[in-house]
Every structure is written in C-alpha cells, then in structure tokens.
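S.K.: This structure is in structure tokens; I'll ask about it shortly.
Below, the structure written as structure tokens:
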C-alpha cells in the first residue's frame, strides 16, 4: 500500500491520512481516493501524473555505507525533474531490521537510520515540492517485521497446522527466484573509484555493480539520443502534451493475438494507435481493416522516421518493437 505525502513527515502524516483508508475498503487498493486533487469540472491531477519508483537502497549513497539514502534522493531531484516525472514513490524507509531491505517494517512511526532521519524526510518534501514534485511512501501494511509488536501478538493466538513441508516449500520458492537483477545499485557515471557514482570514496555497494555499468550508466544514457533514458523522457513528454493519450477512450485491437498488444485512444480530435510486439521474434501483424490508411509515426523504439506512413494489410514488427501512430479524428 502507498500513501501520498500531503503534509509534514512522521506521525502527523500517518495519522492524518489513515482515516482515508478506513472510510471505504475499496480505497485501500488505489493510490489515493478519487476525491483527492479534484477541482470542479476538472479531472484529478494524479490521473495524468507519471510516477517514478525509487528503490532507496540502490538509488544514491551519500554517506559511504554502501546503501542509498534520503540525502541521495534529494541530491538527484534535478535529474528526476529533467526526466519529466510528477511523483516520487519511495520504497519503505521505516525502521526495520533489514532482513527484507526495509519491507519488514518494525515501526511505522520512525525512519530507518540506514536511510536517514525525520529531518531528511522533511527536507526531501520541501525540496521536492519546490520543484513541483509530490512524494509517495510505500508503507507495506500487509506484512510487518517479526520484530513488530503486531507480529509478536499474532504468535500468542496463531497455531500452525500441518507439517514442516510448508516451510520447505517456502524455502524452495525463495531459492528458485531472485530479485537482485531488479535492484542493482544505479551507476550514475563511469567512475570506477566510486562504483559509478553510486557511493562515495571506496565504499562497497550493498550489491555488486553491473559489470558493464560504464556503458549503461546514467551519464552515458543522457548523452545518447538513442538511449532508453531518452526514449522514456520523450514518451513522458508526449503523454503530457496530448490529453488523448491519458483521457482518450481506450479500445483494444486484435485481443486474441499471442504476440502483439495493440490499442487505440481517441478523444474526438485525435486518435493514437499503439502497436507493441512483446516477443523476441519478427512479427508480421495483420492490420485490421478499420486501421489501415495514412498515419503519422509519432515515436518508436527503433528510430523510425516521424513521417506519414500508409498502413497496408500488414505491419512488420521487429523483436520487442513498439510504435505509436497518430491521425486526426474525423
């Protein structure tokens, strides 16, 4: 579960927002209630917002202990603003024994000293709000640390049924999967001495850096017009400029196709046709008759020229190819 930061840090925040999640059980599955941010005749601001999740331990270490921290998030706010996002979603920063990298929360009213202090949280809010960025906290209330009082109380009432095979199954499941590939520390530059700028001095990151980090570091990505970073920045910009991509009527196209995910969004003025190949194979997709004709290529992940294109009976899609077409509605 995530909560939107709308006031000062700490107990004031938690106590002021918790009632929102007690009024209606359906609210618990949403980012924020439907009423938050709504003005008369205007949609909720968060409907069009772009959220950037920060896995805090792997984002930026400023004190040399090998773990990312809140000061590191503050240091990189300009980078996030440049990317074009609207909301920062922080992985849990609450007090924790760190058996599960912060998701095992022991106290929801304290900040984990590994990540910083309550003052750092307040400073992060001030700095982010100055840049027009909002902050979301992941409070993970569906489970807690074994050190939390809630968990300890359950031991007094819960009696496990069955044998040890359940424990062994759990161990097998954990051993068969890994999350490390998704949480490798971010390399900000090519520096070998500071692990790509993730940490300071000769500190060792909590996880090893990717062996090719100098090639794919943030510095390299921001200098390369064809990089994934540039592509996502352009996608975010495109989404902000054209309301049809956010509020337009959604229509799935050819839903039975096993490889291609395609859909349209239209607001009565313009229509966007999004075609994505989710496989590593070359695909020749049969274009539905109603979508043939002249479209403009708005953006693609393989650098197609942004020109008008006649869509015939088939569209050839490369491995993991993605194209957004546009034309005036009429």
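Numbering (this note's numbering), first residue to last: 33 to 362.
Cβ atoms here follow ideal geometry from the backbone N, Cα and C, with glycine treated the same way.
Here the structure is a predicted model, which means the values were calculated and not measured.
Kindly confirm or deny that the stretch 177-191 and the stretch 128-136 touch, where touching means at least three C-beta pairs closer than 8 Å.
M.R.: yes
S.K.: When the Cα atoms are used, what is the spatial distance from residue 120 to residue 229?
M.R.: Approximately 21 Å between the Cα atoms of the pair.
S.K.: Suppose contacts are defined by Cβ-Cβ distances below 8 Å. Is residue 90 in contact with residue 243 by that definition?
M.R.: Going by beta carbons, residue 90 and residue 243 fall outside the 8 Å limit.
S.K.: Between 165, 316, 278 and 259, which lies nearest to residue 291 when the distance is taken from Cα to Cα?
M.R.: 316
S.K.: So if DSSP puts residue 281 in a beta bridge, which residue, or which two residues, is it bridged to?
M.R.: 298, per the DSSP bridge assignment.
S.K.: Along the alpha helix (DSSP H) that carries residue 224, what are the first and last residues, could you check?
M.R.: Unbroken run through residue 224: none, as it is neither H nor E.
S.K.: Measure the alpha-carbon distance for residue 223 versus residue 251 and round it to whole angstroms.
M.R.: 10 Å
S.K.: Counting only runs of 3+ residues fully inside the stretch 82-137, write out the beta strand (DSSP E) ranges in chain order.
M.R.: Restricting attention to beta strand (DSSP E) runs no shorter than 3 residues, the stretch 82-137 encloses them at 83-86 and 119-122, ordered along the chain.
S.K.: How would you label residue 163, buried or exposed, when you count the other beta carbons within 10 angstroms and need 16 or more for buried?
M.R.: exposed
S.K.: Which one of 296, 239, 208 and 318 has the shortest CA to CA distance from residue 289?
M.R.: 318
S.K.: Measuring straight from C-alpha to C-alpha, what distance separates residue 351 and residue 345?
M.R.: 20 Å
S.K.: Residue ranges of each beta strand (DSSP E) run of no fewer than 3 residues wholly in the stretch 308-347, ordered along the chain?
M.R.: 315-318, 325-332 and 340-343
S.K.: Below 8 Å, how does it come out for the stretch 196-211 and the stretch 109-120: are there three or more Cβ pairs, yes or no?
M.R.: Output reads no: the stretch 109-120 does not touch the stretch 196-211.
S.K.: I need the DSSP call for residue 201, collapsed to helix, strand or coil.
M.R.: DSSP places residue 201 within a helical segment (H, G or I) once states are collapsed to three.
S.K.: With 16 as the cutoff for other CB atoms within 10 Å, does residue 313 come out buried or exposed?
M.R.: exposed
S.K.: Compare the Cα-Cα distances from residue 326 to each of 88, 77 and 358 and report the closest residue.
M.R.: 358
S.K.: Using only CA atoms, which one of 210, 277, 304 and 330 lies nearest to residue 361?
M.R.: Considering only alpha carbons, the answer is 304.
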